[in-house]
Amino acid sequence: MKTIYLADDDEDDRMLIRASVEQVISPVRIVELESGEELVRLVVDQGVTDDPVMIIMDMNMPRLSGLETLNILKTNNATCHIPVVILSTISNRSLVRDAYARGVNAFLEKPVHEADFLKLAQAVDTCFLNASYTRDAKRF
Numbered sequence: 498m499k500t501i502y503l504a505d506d507d508e509d510d511r512m513l514i515r516a517s518v519e520q521v522i523s524p525v526r527i528v529e530l531e532s533g534e535e536l537v538r539l540v541v542d543q544g545v546t547d548d549p550v551m552i553i554m555d556m557n558m559p560r561l562s563g564l565e566t567l568n569i570l571k572t573n574n575a576t577c578h579i580p581v582v583i584l585s586t587i588s589n590r591s592l593v594r595d596a597y598a599r600g601v602n603a604f605l606e607k608p609v610h611e612a613d614f615l616k617l618a619q620a621v622d623t624c625f626l627n628a629s630y631t632r633d634a635k636r637f
């Protein structure tokens, strides 16, 4: 079973992301966390025990921002290989560039409408988990 860590301080957003991911990716286990600090404590300080296939996290969280959390994850040998997707309501170019410079795998606009959360889950599945993607050499 695939495990995804989901860190977001907004309970409603976590619920929408969880529901969308569970609808698209099956079977999946989602570990919900309320902050970057909680995520770091779980995967870095305590050690990753269930090897998540990816981390989805909000950019704007209390205590540790998405960028600060990303920096810790990507500079740690035990977690640097885990794909990280940052969701944000802010799409400032310098912020996006900074996130990619620190090793984020995708920086996406946080959906506003429920239907867009489903599209986000489908994109994550296709791009990072390869469930719906098959490579056809003739297309290249």
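Okay, so the sequence shown: first residue is 498 according to this note's numbering, each after it adds one.
By construction, the Cβ of each residue, glycine as well, lies at the ideal position given by its N, Cα and C atoms.
**OP:** Please confirm whether residue 617 and residue 517 have their CB atoms less than 8 Å apart.
**Re:** Yes.
**OP:** Would you give the residue range spanned by the alpha helix (DSSP H) that residue 587 belongs to?
**Re:** Premise fails: residue 587 is in no alpha helix (DSSP H) and is neither H nor E.
Subject >> Own chain, CB closer than 6 Å to residue 505, minus 5 neighbours either side, in chain order >> reply: Excluding sequence neighbours, residue 505 sits near 511 and 555.
Subject >> Environment of residue 623 [buried if 16+ CB atoms lie within 10 Å] >> reply: So residue 623 ends up on the exposed side.
Subject >> Beta-carbon gap between residue 536 and residue 500 smaller than 8 Å >> reply: No, the pair does not count as a contact, with Cβ atoms beyond the cut-off.
Original post:
Nearest-angstrom Cα distance between residue 528 and residue 515?
Top reply: Going by the C-alpha atoms only, they are around 9 Å apart.
Subject >> Residues of its chain near residue 522, where Cβ-Cβ distance is below 6 Å and the 5 sequence neighbours each way are ignored >> reply: If we look at residue 522 and ignore the five residues flanking it on each side, its Cβ neighbours are 622.
Original post:
Just how far apart, CA to CA, sit residue 626 and residue 519?
Top reply: Rounded to the nearest angstrom, the two C-alpha atoms are 13 Å apart.
**OP:** Give the range of the beta strand (DSSP E) segment to which residue 555 is assigned.
**Re:** Element bounds for residue 555: 551 to 555.
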